[in-house]
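Protein chains in written order, with the working numbering: chain A, 1 to 118; chain B, 119 to 228.
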Amino acid sequence: KAGVTQTPRYLIKTRGQQVTLSCSPISGHRSVSWYQQTPGQGLQFLFEYFSETQRNKGNFPGRFSGRQFSNSRSEMNVSTLELGDSALYLCASSLSPKTSGRASNEQFFGPGTRLTVL
Amino acid sequence: ILNVEQSPQSLHVQEGDSTNFTCSFPSSNFYALHWYRWETAKSPEALFVMTLNGDEKKKGRISATLNTKEGYSYLYIKGSQPEDSATYLCAFAHDYKLSFGAGTTVTVRA
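Okay, here's the thing in C-alpha cells:
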C-alpha cells in the first residue's frame, strides 16, 4: 500500500509570493491533516479535512488556506509569503470516523515539504 | 489553547539502559492520546494510540501507560539501542485534531 505522498519536497520562494503544496493520502483514508513545524516549535496544527469539508482550523492567519478534492487529495495554499512561513509542512492521513471528533485513529505522515522563504 | 507538555526535552542514554519520559495533557474531555516516533530525515511514525484510563500498550521494547484522571502518560524504552534514537512526540486528540507536545529527543550512546 503506497504511503502518504507530498509534492514538492523542497520549495524556495520570495516574500510576497504564494505557494501551493499537495498531499495525496493513503488509499481509503478520507481525513487529511496539515501541520507546520518551525525550528524550536513542535508540530502546529493547520487544518483538517474530511470528505472535502474542513472540520477544524488551527490558529493561523487567513493567508493559510486549504482544500480537499473528491479523491481525498488535499492542497494547502499560503498567500503573501513571509519569512516566518519558512518551515517543514507535513500532511497526515487517517481513517477518521465521519462524525467522531475523537481522533482515535493513528495518523500516517508524509515526508513533508520544506519551504524556504527568502 | 491546549497545553501538552513533555519532559524532559532531551535525554542521553547508554546502550542497554532503560529510560522513560512523560507527557502531560488536560485531564478533562479526554478522547485519545497518541505517541509518535520521529527519526531524523524520516516522517513521524505512530507508536500507540491510547484511549482508556489504565491502558498499557507495548511494541517490542517500547511500552506506554496512560492515566487520564491525572492527565499523564509515560513512555518506556527497555534496553535502549542506537536505533531508538529519535524524537518521541505525544499528541492529545480533540475536535478532529491532534495537539502535539514539543517532544523528547532521545540519544542512545553505543
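Note that beta-carbon positions come from the ideal geometry of N, C-alpha and C, so glycine has one too.
When the five nearest sequence neighbours on each side are left out, the beta carbons in the same chain lying within less than 6 Å of the beta carbon of valine 122 of chain B are those of Phe143, Phe210, Ser217, Gly219, in order along the chain.
In the three-state reduction of the DSSP assignment, glycine 66 of chain A falls in the strand class. In the displayed model, glutamate 75 of chain A falls within a strand according to three-state DSSP. A distance of 7 Å or more separates the beta carbons of valine 19 of chain A and serine 93 of chain A. For threonine 183 of chain B, the enclosing beta strand (DSSP E) stretches over residues 180-185. Tyrosine 192 of chain B and threonine 14 of chain A have their C-alpha atoms spaced approximately 43 Å apart. Taking the Cα positions, threonine 140 of chain B is about 35 Å away from serine 51 of chain A. Boundaries of the beta strand (DSSP E) harbouring serine 33 of chain A: 31-37, taken from the DSSP string. A contact between stretches requires three or more CB pairs, one per stretch, nearer than 8 Å, and the region 168-176 of chain B fails this requirement with the region 126-134 of chain B. Here leucine 120 of chain B has Phe143, Pro144, Phe210, His212, Ser217 as same chain residues with Cβ atoms under 8 Å from its own Cβ, once five neighbours each way along the sequence are excluded. Leucine 207 of chain B carries a strand assignment under DSSP once its states are collapsed to helix, strand and coil.
The beta-carbon separation of phenylalanine 69 of chain A and leucine 46 of chain A, rounded to 17 Å, does not stay under the 8 Å limit for a contact. Per DSSP, the unbroken beta strand (DSSP E) holding valine 117 of chain A starts and ends at 113-117. For glutamate 106 of chain A, DSSP assigns no beta-bridge partner whatsoever. For threonine 222 of chain B, DSSP records a beta bridge to B:Tyr206. Nearest to serine 22 of chain A by C-alpha distance, out of A:Tyr10, A:Gly28, A:Thr53, is A:Tyr10.
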